[in-house]
Each structure stands twice: as C-alpha cells, then as structure tokens.
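K.L.:
Quick one: this structure, given as structure tokens, is what I'll be asking you about.
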Amino acid sequence: MSPELAGRFVRESVSEYSEFALPTDANTLGNVLGGKVMHLVDLAAALAAVRHSRCAVVTASVDQMTFLHPVHIGQLIILRSSVNRVFRTSMEVGVRVEVEDLLTGHQKHTSSAYLTFVALDKSGRRVAIGPVIPETEDEKRRFVEADERRTQRLAMRDKALRKLDEA
Numbered sequence: 076m077s078p079e080l081a082g083r084f085v086r087e088s089v090s091e092y093s094e095f096a097l098p099t100d101a102n103t104l105g106n107v108l109g110g111k112v113m114h115l116v117d118l119a120a121a122l123a124a125v126r127h128s129r130c131a132v133v134t135a136s137v138d139q140m141t142f143l144h145p146v147h148i149g150q151l152i153i154l155r156s157s158v159n160r161v162f163r164t165s166m167e168v169g170v171r172v173e174v175e176d177l178l179t180g181h182q183k184h185t186s187s188a189y190l191t192f193v194a195l196d197k198s199g200r201r202v203a204i205g206p207v208i209p210e211t212e213d214e215k216r217r218f219v220e221a222d223e224r225r226t227q228r229l230a231m232r233d234k235a236l237r238k239l240d241e242a
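For the sequence shown, this note's numbering assigns the number 76 to the initial residue and increments by one for each residue that follows.
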C-alpha cells in the first residue's frame, strides 16, 4: 500500500475551530445568523478532512442541520470535527457546535452536522484516500453509522437525479 493510502486514526483528524460571535454576524434579535454558523461548520469540517487526506478537498454534501439553541452576540462558538469514515475518494466528517458564555464558562450544544467531502489531486480530479481507523467505542459507532447515512444520502441523490431526468 502506498504511503498516501495508509490509514490514519480518527484522532489525527480531530480539529477544533473557535470564533467570537460579533454584531456583524447577527440578526436584529442579536442571534448569530444560521448561515454564518453553517459557514463555520463547513470550515471546521474541511480542517478535519484535509488533516486526514493531506490533500485538497471540496464539500459534496451537508446533511440536515437543526439549530437547538440560538448563538448570541458575545458568545464563543466552538466547533469540533473529525472524520467518521472514508469511502475511497470521499469521507464523512462530523461537526459538533457548542457555544460558551465566556463570563460563566457554561457551554451548550447548539447543533451538529455531517458533511461529505471529496478529495482532489492538483488537477482537480478525485483521488483515493486512506481509510480512517476508529479506536474508541464512540468512534466505532460513528464509523458504522456513517455507512448507514451514506446509503441514505446516495438514495436521496439518485431520487433527485431521477426527478431531474423526468423534468
């Protein structure tokens, strides 16, 4: 096996990205815009994807994202990401978003998302990447569940393509 396709442990892709919620990121109610949070999720996921693949990556899909709690101006947005599973040229990355009240230290889970990234070579062509190696029980659970989510994603994609063909 070539060194590029050697497996990497999940812990090697773990990334954390933090950003202070500023007034320019918020709506008139003082809540950070959902699109801003989604942008940060994409950045955090890309960090983990590049750490695993060690090559350029592009976002191929984002699963459903539910906002459990608002993010307010002045809070710290903390995003933790890691690769859950690799599927030859693509990989699923999980991102957990939390906010921290910097005055109290209290943290609250606000949302989570799963994103699929595709690895690309310098010419922009898909490239095979090495597998991810789960170690902990939680990582092994996410590894198995990623395959189930991929099956659902591909079925939804195929359904959407059929509808486009019919139109």
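Note that beta-carbon positions come from the ideal geometry of N, C-alpha and C, so glycine has one too.
Would you identify the three-state DSSP class for H144, choosing helix, strand or coil?
P.N.:
In this structure, H144 counts as coil in the three-state DSSP scheme.
K.L.:
Check L195 in the structure and name its three-state DSSP category.
P.N.:
It is a strand residue.
K.L.:
Mind checking who Q182 pairs with in its DSSP beta bridge?
P.N.:
BP columns for Q182 point to E175.
K.L.:
In whole angstroms, what is the alpha-carbon distance linking S128 and N102?
P.N.:
The alpha-carbon atoms of S128 and N102 are separated by roughly 36 angstroms.
K.L.:
Quick one, which of M166, A194 and V193 has its alpha-carbon nearest I208's?
P.N.:
If we check each option's Cα against that of I208, M166 comes out closest.
K.L.:
For D117 and V168, what's the separation of their Cα atoms in angstroms?
P.N.:
Answer to the nearest angstrom: the Cα atoms are 10 angstroms apart.
K.L.:
With 16 other CB atoms within 10 Å as the buried threshold, where does R163 fall?
P.N.:
Looking at its Cβ environment, which holds fewer than 16 other Cβ atoms inside 10 Å, R163 is exposed.
K.L.:
When you compare only the Cα positions, how much space is there between D138 and T211?
P.N.:
So the alpha carbons of these two residues sit roughly 24 angstroms apart.
K.L.:
Should E241 go down as buried or exposed, given a rule of 16 or more other Cβ atoms within 10 Å for buried?
P.N.:
Burial call: exposed.
K.L.:
Does DSSP classify L190 as helix, strand or coil?
P.N.:
Note: L190 maps to strand in three-state DSSP.
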